[in-house]
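Q: Protein chains in written order, with the working numbering: chain E, 176 to 292; chain C, 176 to 292.
Cβ atoms here follow ideal geometry from the backbone N, Cα and C, with glycine treated the same way.
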DNA sequence: TCAAGTACCTACTAAAAAGTGTGTATCATG
DNA sequence: CATGATACACACTTTTTAGTAGGTACTTGA
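1) Determine, for residue 215/C, whether the minimum Cβ-Cβ distance to residues of chain E falls below 9 Å.
2) For the putative contact between residue 287/C and residue 197/E, defined by C-beta atoms under 8 Å, what is the C-beta separation to the nearest angstrom?
3) Per DSSP, which residues does residue 265/C bridge with? Please list them.
4) For a cutoff of 9 Å on Cβ pairs, would you count residue 259/C as touching chain E?
5) Contact check, residue 216/E vs residue 231/E under 8 Å by CB: the rounded distance?
6) Please confirm if the region 260-267 of chain E is in contact with the region 246-261 of chain C, defined as three or more CB-CB distances below 8 Å between the two stretches.
7) To the nearest angstrom, how far is it from the Cα of residue 138/C to the Cα of residue 180/E?
8) Between the region 269-285 of chain E and the region 269-277 of chain C, are three or more C-beta pairs nearer than 8 Å?
9) If I follow the unbroken alpha helix (DSSP H) through residue 293/E, where does it start and stop?
10) To the nearest angstrom, report how far apart residue 193/E and residue 205/C are at their CA atoms.
11) Report all residues from its chain with a CB closer than 8 Å to the CB of residue 223/E; omit the five preceding and five following residues, and keep chain order.
12) Using three-state DSSP, classify residue 208/E as helix, strand or coil.
13) Going by CA-CA distance only, name the one from 219/C, 218/C and 186/C that's closest to residue 203/C.
14) Could you check the C-alpha separation between residue 208/E and residue 243/E for me, to the nearest Å?
15) Residues of chain C with a CB under 7 Å from the CB of residue 188/E: which are they?
16) Any idea if residue 221/E is buried or exposed, counting beta-carbon neighbours within 10 angstroms, 16 or more meaning buried?
17) Using 9 Å as the limit for Cβ to Cβ distance, is residue 219/E near chain C?
18) Whole angstroms is fine: what's the gap from residue 245/C's alpha carbon to residue 254/C's?
19) So, with DSSP's three-state summary, where would you put residue 277/C?
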C-alpha cells in the first residue's frame, strides 16, 4: 500500500526517532495531511465511508481509504463492515482514538494562540 | 532551501488543511523528523549549534540547520550569532516555543499509554 | 437495460522530504 | 605550514508521500 525500503537511512532514522521520541511516535499515528481531519469527524460519532468522504470534500478516495487503513492498523479506529449489498461500512474511534482528544485540545489551544493569519 | 511548487494540488491541499485544521497548523511547525528532538534539547536551555549536533548524533548537518532555520522562521526559536571567529551561535526557545511544552506533555502521556513495543 | 450508488482496488505520476558529499572563512595550535 | 574547530552553503540523489485516473461487484430504480 506504500512500498517502503526498510534498509534506507530514512527508515533507520525513522525507527530510531520513533522509538526514542514520544512526539514522533504519536506523530506517526495521527500526523499527516488527512488523519487529523478524519479523527475530528469521528469525534462526533460513528460515520460511514461515504459520510467521511462528503465531510472532507478535497480528499481523494485513495487518500481516504489509505488514511482509514493506517488508522485501523494503528488501532486508532474500528472498521465494521455489514455484509449487505450495496456495502455498508462504519468507522468509529477506539479507546486510544478517543484519548487523542486531550492531545488535540492542547494543540488547538496553542494554534489559537499563535495562528495569526 | 526546498523548492516548492505553489500551484500543485499538494500545496493547495496543504494550505487548505493548514488554515482549517489547528492540528495540521501546529504539525507544520513542530511535526517532522527532527524538530521535536531539537525542541526538546532546547527545553533544557540555550544551546550552541555544535551542542545540538552532538546531542542528536544521527542528524546530518544539513538537516540540523534546515530544521533550525524553519523553527526560526516560524518563531519557535531565537538565533543569536556572536560576531567572533570561530563563529559562536546560540539557539533558544521563544515564548511560543516554550508554550509547546503543554502540547508535548499531552503527547508524551498518550505515547506512554499506548506505546507497546 | 441503463444509470446510479455503495466501498473500495490498482497502476501510475508528481511532488516533497530526507540524506550524501563536498566546499567555505577565519583563527588557534602544533 | 598543515590540521582542527566553528557554523554553515549548495548541488545532487534517494526515498517517501500525495494525487490522478482508471476499474471492480452487486443491487435498486427508471
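A: According to the structure data:
1) Chain E contact via Cβ: present.
2) Cβ-Cβ separation between residue 287/C and residue 197/E: approximately 7 Å, consistent with a contact (criterion under 8 Å).
3) 223/C and 255/C
4) Among the residues facing chain E, residue 259/C is not included, as its CB has no counterpart in that chain under 9 Å away.
5) 7 Å
6) Of all C-beta pairs linking the region 260-267 of chain E to the region 246-261 of chain C, fewer than three are shorter than 8 Å, placing the two stretches out of contact.
7) Outside the shown range of chain C (176 to 292) lies residue 138/C, about which nothing can therefore be said.
8) Contact between the region 269-285 of chain E and the region 269-277 of chain C is present, because at least three Cβ pairs lie under 8 Å.
9) Any question about residue 293/E goes unanswered here, given that chain E covers just 176 to 292.
10) 15 Å
11) 263, 264, 265 and 266
12) Correct three-state label for residue 208/E: coil.
13) Among 219/C, 218/C and 186/C, the Cα nearest to that of residue 203/C is on 186/C.
14) 12 Å
15) 208 and 233
16) exposed
17) Chain C contact via Cβ: absent.
18) 11 Å
19) In the three-state DSSP reduction, residue 277/C falls in the helix class (H, G or I).
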